[in-house]
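Top to bottom, those sequences are chains E and Z.
Anchor point for the first sequence: position 198 equals 199 in the working numbering, and the numbering is continuous, going up by one each time.
Anchor point for the second sequence: position 465 equals 480 in the working numbering, and the numbering is continuous, going up by one each time.
We put the beta carbon where it would ideally sit given N, CA and C, even for glycine.
Structure record follows, encoded as C-alpha cells.
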Amino acid sequence: MKKRLLIVILASILAVATLMFGCSKSTPASSSPATSSSAATTKPSSPAPTASSPTAGQTISASELATWEKNTYEAARKEGQVVWYTQDAKTHTDPMVEAFGKKYPGVKLVVYATQSGGLGPKIAAEQESGQMIGDVVTTGLSDLRTFSTQGRLAYFSPPAAQVAGVKWVADPLHDQALFKEFSPVYSVSPQGAIINTKLVTPDKEPKSWMDLATPWWKGKITTQDPTVPGGANKMFYWIKRVYGEEAWSKIGAQGLILERDRNLQARAVATGEYYIGLALAPRELASIPNTPTKYITFKEGTVVSEIGIGLLKGSPHPNASKLFINYMFEEGQDITGSTGRGSPMRAGARVDMPDLDLTGQKLLLTTPEEDLKGVAEARNDIKKYLAK
Amino acid sequence: MSIKNRVNRSSILMACLFLVVGFMILYPVGMVFFGSVWSSMPGASGHLSPRGYIEAFGNPSTYSLLWTTFWLATVRTVISVAIAISLAWIMARTNVRGKRILEISLLFTFFVPLLPRILAWIVLLSPRTGLLNVFLADILPFHLPPLNVFSYGGIILVSILVWVPVLYIFIAPAFKSMDASLEEAAKASGASMWSTVTRINLPLLAPAILATTALGFVRSMDSFVVEAMLGIRADIYVLTTKVYNYINLTEPPNYPAAMALSVTMLVITFFIVFFQWKLLGGKEYTTVTGKGYRPQVTKLGWGRWIAFAYVLTFLVVSTFLPLGVLIWGSFMKVVGVFSDSMYTFSHYQRAFSASGLWLAMKNTVLMSTAVATAGMVLCSLVAYTVVKTRVSGRRVLDFVVWIPWAVPSIVMALGFLWAYLFLPLPFRIYGTLLLMILALTTTGLPLGTRTMTSTIVQISNELEESAKASGATWLRTFTIIMVPLLSRGLVSGWILLFAFAVKDLSTVILLYSPESTVMSTQVWDWWRTGFLEEAIVLGLLEAVLIAICFVAATMLGERVGPQMSKEQRPTPKALLQ
C-alpha cells in the first residue's frame with residue numbers, strides 16, 4: 002500500500018513537472034531567411050520608449066546620427082544598463098566597458114561571459130519564460146543567423162553603419178538582404194595558422210595549403226577539428242573547393258592531430274609539441290606572448306569568420322542596447338582592432354596587431370547557402386581522410 | 016513511545032523528504048526526460064517523438080562509445096577504490112610514519128581545482144616537450160618511448176589522481192570509526208593480519224566500500240573534462256563527449272539525442288545502485304555500539320616506513336608535482352615555454368585587478384556556505400531515514416539521491432535552466448544566488464548523503480533505544496546521541512560540499528548572472544579566453560579559500576563536537592579521516 006503511495010507521489014512529481022513546463026511552453030514560429038517576421042513570446046520586463054532609427058539601406062548624415070544618439074542616450078539613461086552576452090576575453094571586454102562608460106555616463110555595460118554551446122539554449126529559455134537577462138549578443142555570424150531563423154533577434158540597423166561617406170572593408174549590413182532581423186557584422190576573425198619559428202625555418206614556411214602535403218610535415222601538424230562547425234571546417238571546405246578532394250587525402254595522410262581547444266592548440270605550437278597549428282586566429286597569439294610563434298596566411302586567400310552583434314528580442318533595456326550596438330560601429334571599432342579581438346570592419350579603424358590588417362588580402366567568404374550545404378557536408382565527408 | 020507513533024513519524028519524515036528531494040531532483044530530471052521525447056528543445060515548438068532514441072541508437076558509433084565508456088569507468092574505478100582503501104587503512108589503522116603531515120597533505124589534494132591540474136599534466140607529459148619526458152630522456156642511458164598524456168593511459172592516470180582523494184575522504188570515516196574489539200578478537204583467536212583484514216575488516220566495511228565503488232563508477236561514466244582535454248587529440252571519445260557534441264557541435268543542436276543518451280546513463284546508474292543493494296542484502300554492518308570503542312592501531316614495525324613511502328609517492332605524483340608545476344607556471348609568461356626572461360608577476364597583477372573578482376569571492380563564500388549547510392541538514396535526514404528506519408520506500412529515496420550524478424553535468428545544467436525558468440514563482444529566482452544554491456545543493460546530494468550513510472550505518476540502534484528507554488524524545492535522542500556520534504561525518508561532509516560548491520562550474524554555468532558571478536566562473540572566463548596562467552592564479556586562490564574554510568570548520572567542529580574522552584575526540588587534522 003505504502004509502496005503504491007510512493008509510486009503515486011513520484012509519478013505525480015514527474016507529471017506536475019512536465020505539465021508545469023508544458024503549460025508555460027509557448028511556440029514561437031520559426032522563420033526562414035529573408036521572410037523572418039515571427040515574434041517569440043517574450044515579455045520585456047521594463048519596456049521603454051524606443052528612439053526611432055533609420056531603416057537599413059538608408060544613408061544618413063552625421064548630424065542625423067548625432068540627433069539619434071542624443072535621443073537614444075536620454076532613453077538609455079532611464080534604463081541604466083545593457084547586458085552583453087559575449088565569448089570575448091576580458092582583455093577585449095574590459096576596455097570596451099571602460100570606454101563605453103566614459104562616453105555614456107549613467108549607462109552601465111555589463112558583460113556576461115558565455116560559452117558558445119550554452120548560448121542558444123540560454124537565450125531561448127530566457128525568451129520563452131519571459132525572464133530576460135541578456136540584451137545584446139555577439140558571436141559568430143552563423144550562430145546569429147540561426148538565432149534569427151529561430152525568431153530570437155529583434156530588428157535594429159545601427160545608424161553609425163549607415164553614415165554617408167564612411168568606408169567599410171566589407172558591408173557590415175550585408176545580411177539584411179537575407180534576414181529581416183539581421184545581425185550587423187562588426188569584426189572578422191582571419192583563420193590562418195600559427196607556426197613555431199624555432200622549428201619552422203623561413204625556407205620551410207608553408208606558402209600554400211598544399212605545401213603541407215609534403216613529407217617533411219608528417220606528424221607535425223595540429224588543426225582545429227574540421228568535423229565540427231568552426232574555422233577549420235571552413236578552411237578544409239576551401240581546400241577542397243580549390244584543389245579537390247584529393248587535397249584532403251594528401252593532407253589527411255600527414256597524421257593530423259585534431260584539437261578543439263584553440264588555446265591548448267596554440268600552446269602546443271608555442272612549446273614545440275607541434276610545428277604548425279591550422280585554423281588559428283592572430284588573437285590566439287595574445288595568450289602566448291614572448292614565444293617563438295608567428296601567424297601566417299596562405300596564398301590561396303584568408304578564410305574568415307564573421308563576428309556579428311544582435312539585439313535580443315524582448316531585451317529588457319532596448320535603448321541602451323541600441324546605443325551599445327551603435328557604439329560598436331563607432332569607437333568600438335577601434336577598441337576591437339586595438340585589443341586584438343578581430344579585424345574591424347571600418348576602413349582606417351585602429352589596428353595595433355599587423356596580422357589583423359586585412360588590407361589587400363583576398364578574403365574567402367562563404368554564403369549562407371554554402372554554409373548550409375557545402376560547408377556542412379564537408380564536416381562529414383572529410384572524416385574518412387582523417388581516420389588513423 | 017509506541018511503535019505505531021514511531022512508524023507514523025518515520026512515514027511523515029519520509030513523505031516530507033520525498034516532497035523536498037523529489038522536487039529538487041525529479042523536477043529538473045523530468046525536464047531531461049521530457050527533452051528526450053520532445054522533437055526539439057524544451058520550450059520550443061515541437062511534438063512527442065522517439066526521434067532522439069532512434070538517432071542515438073541508430074548510430075553504430077554509440078555502441079562503441081558505450082563500450083569505451085564502460086571499460087574506462089571500470090578500470091578507473093577499480094584502481095581508484097583500491098588506492099583509496101589502502102590509503103584509508105594506512106592512515107586510520109596503522110602507525111605509519113609522519114601521520115599528521117600526511118593527513119593534512121591528503122586533504123589538501125582534494126582542494127586543488129581540476130582544470131589547472133590537467134594543464135599541469137599536459138605540461139609534464141606531452142609526448143615531445145613534456146617536462147618529465149625531457150627529464151627522462153636526459154637521465155636514461157637508453158631510449159624510452161615518450162609517456163603520452165593524450166592516450167587511454169593518460170586519461171586513466173589523471174582521472175585516478177583526481178578521484179582517489181575524493182574517494183579517500185569518502186571512505187576514511189568508516190575505517191576510523193570501526194570497532195577494534197572485533198580485530199582484537201580475531202587476533203586473540205590466532206588470525207593473521209591478512210586474515211583479519213580480509214575476514215573482519217573488509218566485510219565490516221562492505222557498505223562503505225560498495226557505496227564508494229558505485230560512486231566512483233557513476234562519476235567515471237559521467238566524467239567529461241578529462242576526456243575532452245586529453246582524449247580528443249588521441250581520437251578517444253566517450254558517451255559524455257557524444258552528448259556534448261549533440262548539444263554544442265551539431266547545427267542545429269540535437270537535444271533529443273543528447274537527452275536520450277543521458278536517460279540511458281540514468282538507467283545504467285539505476286542498475287548499479289540496484290546491484291549494490293542486492294550485494295548488501297539485509298546484512299547488519301554495525302560497528303559502533305553502546306559498549307564504547309577505540310580505534311586500534313596496527314603496529315607495522317619497519318613496514319611503517321614502506322607505508323610512509325607509499326602515501327608520500329601518491330602525494331608527490333597526485334599533488335606536489337602538478338602543484339609545483341602550477342605555482343612555477345603562474346610566474347612564467349607562458350607555462351611550459353622556456354626562455355631567458357620567462358618570469359613575470361603580471362598574471363597575479365592581472366588576475367587580482369580583474370573586474371568583479373571581489374564580488375565573485377563574496378558570492379562564492381556565501382553560496383558555498385549555504386550549500387554545505389543546507390546540504391548537510393538534508394543529507395543527514397535522508398541518510399538517517401534510509402539507514403535507521405524501516406519505512407517503505409527508503410530504498411527508492413536512496414536511489415533518487417543518486418540521480419544528479421547519473422545525468423551528465425552538462426545535461427543536468429540544462430535541466431536546471433529549463434526547470435527553474437519555467438517555474439511559476441511570485442519572485443524572480445533565475446540569475447540569483449538562491450537558484451545556484453538550490454542547484455548545487457541538489458547536485459551535491461549524492462556526495463553528502465553517501466558520506467553520512469557510510470557513517471550512520473555503523474552506529475548501533477541500541478544507543479538510540481537506550482536514550483528512548485530513558486525517556487528522551489526523538490529530537491533529543493537525535494541531537495544528543497546521533498549528532499555527536501556523527502560529528503566527524505557532518506564536518507567532513509560539510510567540507511566536501513563546501514569544496515564541491517567552490518569548485519563546481521558545470522552546474523552554475525547556465526544559471527549565473529553578472530550579479531551572481533562566482534570564482535569558478537571567473538576561472539573559467541580566463542581559461543576559455545586563453546589566459547591560462549591567470550586561471551591558474553585564481554584556481555590557486557580557490558584552493559586557499561577552501562583551505563581557510565576547512566580550518567575554520569574544523570575548529571568549530573572541535574568546539575561543538577561530541578563530549579568524548581580525549582582519546583576519542585577527533586583532532587582537527589583527523590576530522591576528515
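Query                                                                                                                                                               : Result
Going by beta carbon distance, what residues of the same chain come within less than 8 Å of E:V189, once the five residues before and after it are set aside?       : V170, A171, V305, S306, E307, I308, G343, S344, M346, L359, L364
Name, going along the chain, the residues of the region 42-57 of chain Z whose beta-carbon falls closer than 9 Å to a beta-carbon of chain E.                       : Y42, P43, V44, G45, M46, F48, F49, M56, P57
Would you mind stating whether E:V137 and E:V186 have Cβ atoms separated by less than 9 Å?                                                                          : no
DSSP three-state call for E:N197: helix, strand or coil?                                                                                                            : strand
Is the distance from the Cβ of Z:V127 to the Cβ of Z:G459 below 9 Å?                                                                                                : no
Compile a chain-ordered list of the residues in the region 103-115 of chain E whose CB is closer than 8 Å to at least one CB of chain Z.                            : V111, V112, Y113, A114
Can you name the residues of chain Z whose CB is closer than 9 Å to the CB of E:P290?                                                                               : K348, V349
Say whether chain E places a C-beta atom closer than 9 Å to the C-beta of Z:R66.                                                                                    : no
Along chain Z, in chain order, which residues have C-beta atoms closer than 7 Å to that of E:P254?                                                                  : Residue identity check: residue 254 of chain E is Ala in the sequence provided, not Pro. Those do not exist, as E:A254 stays about 15 Å from chain Z at its closest Cβ, beyond 7 Å.
Taking 8 Å as the limit between beta carbons, can you name the residues of its chain near Z:R409, skipping five residues before and five after?                     : M29, T400, V401
Which residue or residues does DSSP assign as beta-bridge partners of E:W85?                                                                                        : E:V112, E:V137
Do you know offhand how far Z:P1's Cα is from Z:D413's?                                                                                                             : Any answer about residue 1 of chain Z is impossible in this case: the structure gives chain Z only from 16 up to 592.
Does the CB of E:E260 have a neighbour CB from chain Z at under 9 Å?                                                                                                : yes
By the criterion of Cβ-Cβ separation under 7 Å, what are the contact partners of Z:R143 in chain E?                                                                 : G273, E274
For Z:M357 and chain E, any beta-carbon pair shorter than 9 Å?                                                                                                      : yes
Kindly indicate the opening and closing residues of the alpha helix (DSSP H) around Z:I100.                                                                         : 75-108
Does the Cβ of E:G349 lie closer than 8 Å to at least one heavy atom of the ligand GDP?                                                                             : This structure does not include the ligand GDP; it has no bound ligands of any sort.
Comparing alpha-carbon positions, which option in Z:A200, Z:I133, Z:P423 lies nearest Z:L281?                                                                       : Z:P423
Using the rule of at least 16 other Cβ atoms within 10 Å of the residue's Cβ for burial, across every protein chain shown, is Z:T379 buried or exposed?             : buried
Show which residues of chain C have a CB atom less than 7 Å away from the CB atom of Z:L429.                                                                        : Absence of chain C from the displayed structure is noted, the protein chains being E and Z.
What residues of chain Z sit near E:G141, judged by a beta carbon separation below 7 Å?                                                                             : Those within 7 Å of E:G141 in chain Z number zero; the least Cβ separation is about 11 Å.
Using the beta-carbon of each residue, which ones in chain E are nearer than 7 Å to Z:F150?                                                                         : Within chain E, no residue comes near Z:F150; the closest Cβ sits about 15 Å away, beyond 7 Å.
Which chain E residues sit within Cβ distance under 9 Å of Z:S210?                                                                                                  : Neighbours of Z:S210 on chain E: none; closest Cβ ~42 Å, over 9 Å.
For E:N264, go through chain Z and note every residue whose CB falls closer than 9 Å to its CB, in chain order.                                                     : W542, R543, T544, G545, F546, L547
For the alpha helix (DSSP H) that contains E:A269, what are its first and last residues?                                                                            : 263-271
Can you look up E:P34 in the DSSP assignment and give me helix, strand or coil?                                                                                     : Here E:P34 scores only 34 on pLDDT, less than 50, and its place in the model should not be relied on; the value that follows carries that caveat. E:P34 falls in the coil class under three-state DSSP.
As an exercise, report each continuous alpha helix (DSSP H) stretch of at least 4 residues that is fully enclosed by the region 510-544 of chain Z, in chain order. : 534-543
For E:T303, report the span of its alpha helix (DSSP H) as first-last.                                                                                              : That residue, E:T303, is in no alpha helix (DSSP H); its beta strand (DSSP E) goes 303-313.
Any C-beta of chain E within less than 8 Å: which residues of the region 436-458 of chain Z qualify?                                                                : L436, F437, L438, P439, R443, Y445, G446
Any beta-carbon of chain Z closer than 9 Å to the one on E:E129?                                                                                                    : yes
With respect to the alpha helix (DSSP H) encompassing E:E274, which residues constitute its N-terminal and C-terminal limits?                                       : Premise fails: E:E274 is in no alpha helix (DSSP H) and is neither H nor E.
Looking only at its own chain, which residues have a Cβ that is under 8 Å from the Cβ of E:N264, when we skip the five neighbours before and after it?              : E285, S288
For Z:I262, report the span of its alpha helix (DSSP H) as first-last.                                                                                              : 254-263
Given this structure, state the Cα-to-Cα distance separating E:G232 from Z:G73, to the nearest angstrom.                                                            : 29 Å
List the endpoints of the continuous alpha helix (DSSP H) containing Z:T379.                                                                                        : 372-403
Where does E:L257 fall in DSSP's three states?                                                                                                                      : coil
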